[in-house]
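**Student:** So the sequence lines, in the order shown, correspond to chains A and B. Going by the numbering used here, the residue at position 60 of the first sequence is 60; the numbering climbs one at a time, nothing skipped. Going by the numbering used here, the residue at position 440 of the second sequence is 440; the numbering climbs one at a time, nothing skipped. Sharing a structure, written as structure tokens. Questions coming.
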Amino acid sequence: MKPNTQKPLDSVDALICKAEKSIASFLFLLMSLVVFADVLHRVFSRTPGRLATMIAPLIHSTPEAMDPVIDRAVVPILFFITAFGAILSRSRALKTGIGFGKATVQAVLGSLGAGLAIIAFIKLIPSGLVWSPYFGLSCLLWLGLLGASIATHQGQHLALEMGEKLWPEKLRPGVSKFASLLVGGFCLVISVLAVLSVKDHYADWSSGPGAGLIPSIEWPKWAVYLVIPYCFFMMGFRFLGRSIGLLSDAVKKDEAEHIQEILATEGESK
Amino acid sequence: MITAVVLSVLLFIVLGAPLFAIVGVATTLCLAFFTDFNQFSDLKILIQHIENLATKQEFLAIPLFMASGAIMTAGGIAKRLIELMEAMFGWLPGGLAISAVAACMFFAAISGSSPVTLIAVGSMMVPALVKAKYPENFSIGLITTAGSLGCLVPPSISMLIYAISVSGSSSVDPSDMFLAGLIPAFMIAGMLAIYSMWIGYREEKKGIIVRAPFSLSKLKEKFRDGVWSVFLPVLVLGGIYGGFYTPSQAGAVAVAYSLFVTMWIYRELTLGKIMNALKESASLMGALLPIIVLAFGLNDFLALIDVQEKLMAWIRDLNPSPAQFMLIVNVVLIFLGALMDSISATLIFAPMLAPIASELFGIHPIHFGIVFVVNMEIGYLMPPVATNLFVASAVFKKPFGQVTKAVMPTLGLTCLALVLIMFMPTFSLFSLNLRDGKSPWATFPWEGKTTVTSTTTVEGEPAKKAPSLKSLTGKMMEDMTDESEKKE
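Right, dumping it as structure tokens:
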């Protein structure tokens, strides 16, 4: 199901969408890894550790007394077991048939490496990544709104389908164009409001050092919020473009088709 | 003015406009007409709701769990999970069907999405069930229903959205919702399993189905293959309830774990394929996000004009008993679920109904949340706007009418489970009460409001008392005043 004819701005729009997808997926990965690094730091730098706090009452000890035992014995053993299991499973999945001795050596080295990496991480950044939640939320704002723009390009916004189905088949294209016109107009209104808001944040930021910053990461709010007018502008552009014929209609896929495409990655990889 | 708003919203609905635009237009017009806004730039309050996304940590959980689900799904865990479940349950009467239900349940916990579960498990299990001579309609109905268990099995996106959407008026911790959802999820899965057993036994007696014998060596082998997939929910829930991390942080752990399992252990995915899966997640997130932020704007407006209080006064005048109230709410929710997408229904109606249930009828907020989510699960199966029915019809290549008919027995079982869960709060509160060292039994407030037991948060601190609607409205006014003062 391909659009019948190319419209003047289709290729530009496709290029923009491709860039948006790349940025969004990169931010997704970055956000996840930064928040995960923060979790690692919090879990392993906590004194007494959570595991010590949980185990201590069971053996009539105190978390403080248990903490060194956990750090020097229990955690390395857990690391080793995980690494050993992972190596064996990997070998099974890849059908490489690793020997017990080789797997043990690899697991020892792997768990040692992971342990040292965590120790180095905690020593190098003793205060941890306290800024990570705000960083993650800023990424979320960007990837979510870029995602909204992508969803517009792909015609994936959730809609009450019954609305469109109320109309006779013949009238549907016209109705859809009219709906796009109204929705595009709404998006542009929001975009203008967002520009006004960004201007306010910019004025706030310019008013003096330390003003208008996102807490913790200390990035200017106006810069982080720039994505709001951009996203709604792009959504407005796409809806209006379709309405007045500058852009082809989104190739609408039903949900099953869409998910099957995602799952196709699985098939390819096999 | 009201007519203008209603007509505009109706116009957007009949034109088939996206939901975010419907909610957004309703919010914008309400703010413009019914408040003191007198110039265009005053509508910037709408933008503040979007900007506030960058300050609410609970939002982080949604994209992170979406990402981990997308990675695990693309990484081929469905096949391993199904084989493991078959080895575990295949020897029982109706064993293959029970395996399908169990696979759906575990896969839902990993992917966090009902339609994805239905497709990933269903596309393998329905042909397998039909090949094993199970009745076709039974197979389709069972998998379509079990696929929608994703709403209840933690970490569930529906539960996260419920917790976030009522956060202004009730204190509902997502981790409490996750824990509370476990027993109802197992209960519905158990009912589906018993139904499968009965069908299996019946067909076996007729000599149509042949049962596979139990094999310990096969179970061991499949467990070794599938253990990394099954371990994800354990890691997420164990970490949250062990106090190692919050639900949002658990999302990041799930992503890292998914990357480790799919890229390093199973080597099913390359970085490029992971980026592709994340692109799809970004687009799904993008379809949700504008609805979420604009619905928050609408909810704040509704609080501002005391709609909830008026609704409460109206319900007080009607004087229904708590049981009658719950029945009415359920009928309304099933009706809404049949007409609109479950997540949008949660965002718009949960903040309105949850405070009424707890303040007026003494229904525990978590219990109400679970009932709400079960209703949304039913919404996935209730025609005409039933996501899972459309998906099933497309995947199994069967007419919509046949899928609708096929799902009726299992939908009936889910409705029966809903009634049990609704009037026996023990099902949803048992694990929470046990965790908090209280009596695990909870009774439905048949006589009306009694004291609402508070729950505790992950760190073990007592949960905040739910603010009254008055205080919520007052707080909003305060916030708005603060904001405008800051601007000046």
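Glycine included, every Cβ here is placed at the ideal spot set by N, Cα and C.
Thinking C-alpha only, which one of B:367, B:3, B:376 is nearest residue 344 of chain B?
**Tutor:** Walking along the second sequence from the start, residue 344 of chain B turns up at place 344. Of the candidates B:367, B:3, B:376, the one whose C-alpha sits nearest the C-alpha of residue 344 of chain B is B:376.
**Student:** Exposed or buried, which one is residue 451 of chain B when buried takes at least 16 other CB atoms within 10 Å?
**Tutor:** Taking the first residue of the second sequence as 1, we reach residue 451 of chain B at position 451. Because residue 451 of chain B carries a pLDDT of 45, less than 50, the predicted location of this residue cannot be relied on, and the following value inherits that uncertainty. When all chains shown are included, residue 451 of chain B counts as exposed.
**Student:** Leaving out the 5 sequence neighbours to the left and right, which residues in its chain are closer than 6 Å to residue 202 of chain A when beta-carbon positions are compared?
**Tutor:** Your numbering for residue 202 of chain A matches position 202 in the first sequence. If we look at residue 202 of chain A and ignore the five residues flanking it on each side, its Cβ neighbours are 222.
**Student:** Whose Cβ in chain B lies nearer than 7 Å to the Cβ of residue 183 of chain A?
**Tutor:** Indexing the first sequence from 1 puts residue 183 of chain A at position 183. Residues of chain B passing the Cβ test: 17, 18, 21.
**Student:** Does residue 230 of chain A come within less than 9 Å of chain B when only Cβ atoms are used?
**Tutor:** Position 230 of the first sequence holds residue 230 of chain A. Under the Cβ criterion of 9 Å, residue 230 of chain A is not counted among the residues facing chain B.
**Student:** Excluding five sequence neighbours on each side, which residues of the same chain lie with their C-beta closer than 8 Å to the C-beta of residue 348 of chain B?
**Tutor:** Mapped onto the second sequence, residue 348 of chain B falls at position 348. Cβ contact annotation for residue 348 of chain B (same chain, cutoff 8 Å, sequence separation greater than five): 23, 295, 298, 299, in chain order.
**Student:** Report yes if the C-beta distance between residue 403 of chain B and residue 144 of chain B is below 9 Å; otherwise report no.
**Tutor:** Sequence index remark: in the second sequence, residue 403 of chain B carries index 403 (1-based). Sequence index remark: in the second sequence, residue 144 of chain B carries index 144 (1-based). Contact annotation: residue 403 of chain B and residue 144 of chain B have beta-carbon atoms nearer than 9 Å.
**Student:** How is the alpha helix (DSSP H) around residue 176 of chain B delimited, first residue to last?
**Tutor:** The residue labelled residue 176 of chain B in the question sits at position 176 within the second sequence. Residue 176 of chain B: member of the alpha helix (DSSP H) spanning 174-205, first to last residue.
**Student:** Note down, in chain order, every chain B residue with its Cβ under 7 Å from the Cβ of residue 58 of chain A.
**Tutor:** What you label residue 58 of chain A is simply residue 58 of the first sequence in a count that begins at 1. Within 7 Å Cβ-Cβ: nothing; residue 58 of chain A doesn't reach chain B, min ~13 Å.
**Student:** Can you say whether residue 271 of chain B is buried or exposed, counting buried as having 16 or more other CB atoms within 10 angstroms of its CB?
**Tutor:** Numbered from its first residue, the second sequence carries residue 271 of chain B at position 271. With fewer than 16 other Cβ atoms within 10 Å, it is exposed.
**Student:** Mind pulling the chain A residues with CB within less than 7 Å of residue 290 of chain B?
**Tutor:** Along the second sequence, one-based indexing puts residue 290 of chain B at 290. Residues of chain A passing the Cβ test: 148.
**Student:** Nearest to residue 176 of chain B by CA position, among B:443, B:431, B:445, B:440, is which residue?
**Tutor:** Your numbering for residue 176 of chain B matches position 176 in the second sequence. Answer by Cα proximity: B:431.
**Student:** If you measure between the beta carbons of residue 86 of chain B and residue 76 of chain B, is that distance less than 9 Å?
**Tutor:** By 1-based counting over the second sequence, the position of residue 86 of chain B is 86. By 1-based counting over the second sequence, the position of residue 76 of chain B is 76. Cβ atoms of residue 86 of chain B and residue 76 of chain B: not closer than 9 Å.
**Student:** Would you kindly work out how many angstroms separate the C-alpha atoms of residue 205 of chain A and residue 20 of chain A, rounded to a whole number?
**Tutor:** Locating residue 205 of chain A in the first sequence gives position 205, where the first residue counts as 1. Locating residue 20 of chain A in the first sequence gives position 20, where the first residue counts as 1. Computed Cα separation, rounded: 27 Å.
**Student:** Would you say residue 14 of chain B lies against chain A (beta-carbon separation less than 9 Å)?
**Tutor:** For the purposes of this step, residue 14 of chain B is taken as the residue at position 14 of the second sequence. Answer yes: the Cβ-Cβ gap between residue 14 of chain B and chain A drops below 9 Å somewhere.
**Student:** Please classify residue 196 of chain A: does DSSP put it in a helix, a strand, or coil?
**Tutor:** For the purposes of this step, residue 196 of chain A is taken as residue 196 along the first sequence, with counting starting at 1. Of the three classes helix, strand and coil, the one that applies to residue 196 of chain A here is helix, per DSSP.
**Student:** How far does the alpha helix (DSSP H) with residue 211 of chain B in it reach, from first residue to last?
**Tutor:** Within the second sequence, the letter at position 211 stands for residue 211 of chain B. For residue 211 of chain B, there is no enclosing alpha helix (DSSP H), as DSSP gives it neither H nor E.
**Student:** May I ask you to report which of helix, strand or coil DSSP gives residue 383 of chain B?
**Tutor:** Taking the first residue of the second sequence as 1, we reach residue 383 of chain B at position 383. Here residue 383 of chain B sits in coil by DSSP.
**Student:** Can you tell me whether residue 38 of chain B is buried or exposed, with buried defined as 16 or more other CB within 10 angstroms of its CB?
**Tutor:** Here residue 38 of chain B corresponds to residue number 38 of the second sequence, with the count starting at 1. By the 10 Å Cβ count, residue 38 of chain B comes out exposed.
**Student:** Counting only Cβ pairs nearer than 7 Å, list the residues of chain A close to residue 252 of chain B.
**Tutor:** In the second sequence, residue 252 of chain B corresponds to position 252, counting from 1. At a beta-carbon threshold of 7 Å, the residues of chain A lying near residue 252 of chain B are 32, 35, 36, 39, ordered along the chain.
**Student:** Counting Cβ pairs, one atom from each stretch, are 3 or more of them under 8 Å apart for the segment 112-122 of chain A and the segment 41-57 of chain A?
**Tutor:** Yes, they touch.
**Student:** Quick one: does residue 4 of chain B have its CB under 9 Å from some CB of chain A?
**Tutor:** As a working mapping, residue 4 of chain B is identified with position 4 in the second sequence. For residue 4 of chain B, the answer is no, since every Cβ of chain A falls outside 9 Å of its Cβ.
**Student:** Please classify residue 389 of chain B: is it buried, with 16 or more other beta-carbons within 10 angstroms of its beta-carbon, or exposed?
**Tutor:** Counting from one through the second sequence, the residue named residue 389 of chain B turns up at place 389. Its Cβ being crowded by 16 or more others within 10 Å, residue 389 of chain B is buried.
**Student:** So for residue 3 of chain B, helix, strand or coil by DSSP?
**Tutor:** If you number the second sequence from 1, residue 3 of chain B lands on position 3. Looking at residue 3 of chain B - three-state DSSP - the assignment turns out to be helix.
**Student:** DSSP state of residue 179 of chain A, grouped into three classes?
**Tutor:** Position 179 of the first sequence, counting from 1, holds the residue named residue 179 of chain A. The answer is helix: DSSP assigns residue 179 of chain A an H, G or I state.
**Student:** Based on Cα-Cα distance, which residue from A:82, A:58, A:80, A:53 lies nearest to residue 68 of chain A?
**Tutor:** Stepping through the first sequence from its first residue, residue 68 of chain A is reached at position 68. It is A:53.
**Student:** Buried or exposed: residue 490 of chain B, going by 16 or more other Cβ atoms within 10 Å of its Cβ?
**Tutor:** Chain B is shown from 1 up to 488; residue 490 of chain B falls before or after that span and cannot be answered.
**Student:** If you compare alpha carbons, which of B:337, B:286, B:88 is closest to residue 217 of chain B?
**Tutor:** Reading the second sequence from its first residue, position 217 is the one you call residue 217 of chain B. Of the listed residues, the one whose Cα sits closest to residue 217 of chain B is B:88.
**Student:** Which residues in the same chain as residue 27 of chain A place their Cβ atom closer than 6 Å to its Cβ, once the five residues preceding and following it in sequence are excluded?
**Tutor:** In the first sequence, counting from the first residue as 1, residue 27 of chain A sits at position 27. Result list for residue 27 of chain A: 139, 142, 143, in chain order.
**Student:** Kindly list the residues whose CB is nearer than 7 Å to the CB of residue 319 of chain B, restricted to its own chain and excluding five residues on each side of it in sequence; keep chain order.
**Tutor:** Locating residue 319 of chain B in the second sequence gives position 319, counting from the first residue. There are no such residues.
**Student:** Under a Cβ-count criterion, where at least 16 other Cβ atoms within 10 Å of its own Cβ denotes burial, should residue 461 of chain B be classed as buried or exposed?
**Tutor:** For the purposes of this step, residue 461 of chain B is identified with residue 461 of the second sequence, where counting begins at 1. Only weak support exists for where residue 461 of chain B lies, its pLDDT of 42 falling under 50; the value from the coordinates is given anyway. Around the beta carbon of residue 461 of chain B, a 10 Å sphere encloses fewer than 16 other beta carbons of the protein chains shown; the residue is thus reported as exposed.
**Student:** Consider the Cβ of residue 66 of chain A: report whether some Cβ of chain B lies at a distance smaller than 9 Å.
**Tutor:** Along the first sequence, read from residue 1 onward, the residue named residue 66 of chain A stands at position 66. Chain B, which has no Cβ nearer than 9 Å to the Cβ of residue 66 of chain A, makes this no.
**Student:** Apart from the five residues just before and just after residue 72 of chain B, which ones in its own chain have a Cβ nearer than 8 Å to its Cβ?
**Tutor:** Here residue 72 of chain B is taken as the residue at index 72 of the second sequence, counted from 1. Around residue 72 of chain B: 110, 111, 229, 232, 258, 261, 262.
**Student:** What do you get for residue 271 of chain A, buried or exposed, if any count of 16 or more other CB atoms within 10 angstroms of its CB means buried?
**Tutor:** In the structure as shown, chain A starts at 1 and stops at 270, and residue 271 of chain A therefore has no counterpart that could be examined.
**Student:** Identify the residues that DSSP records as bridge partners of residue 213 of chain A: which are they?
**Tutor:** As a working mapping, residue 213 of chain A is identified with position 213 in the first sequence. The partner list for residue 213 of chain A (beta bridge, DSSP) reads A:220.
**Student:** Residues in the same chain with beta-carbon distance under 8 Å from residue 199 of chain B, minus the five sequence neighbours each way, listed in chain order, please.
**Tutor:** For the purposes of this step, residue 199 of chain B is identified with residue 199 of the second sequence, where counting begins at 1. Taken in chain order, the residues that qualify are 94, 97, 134, 135, 138.
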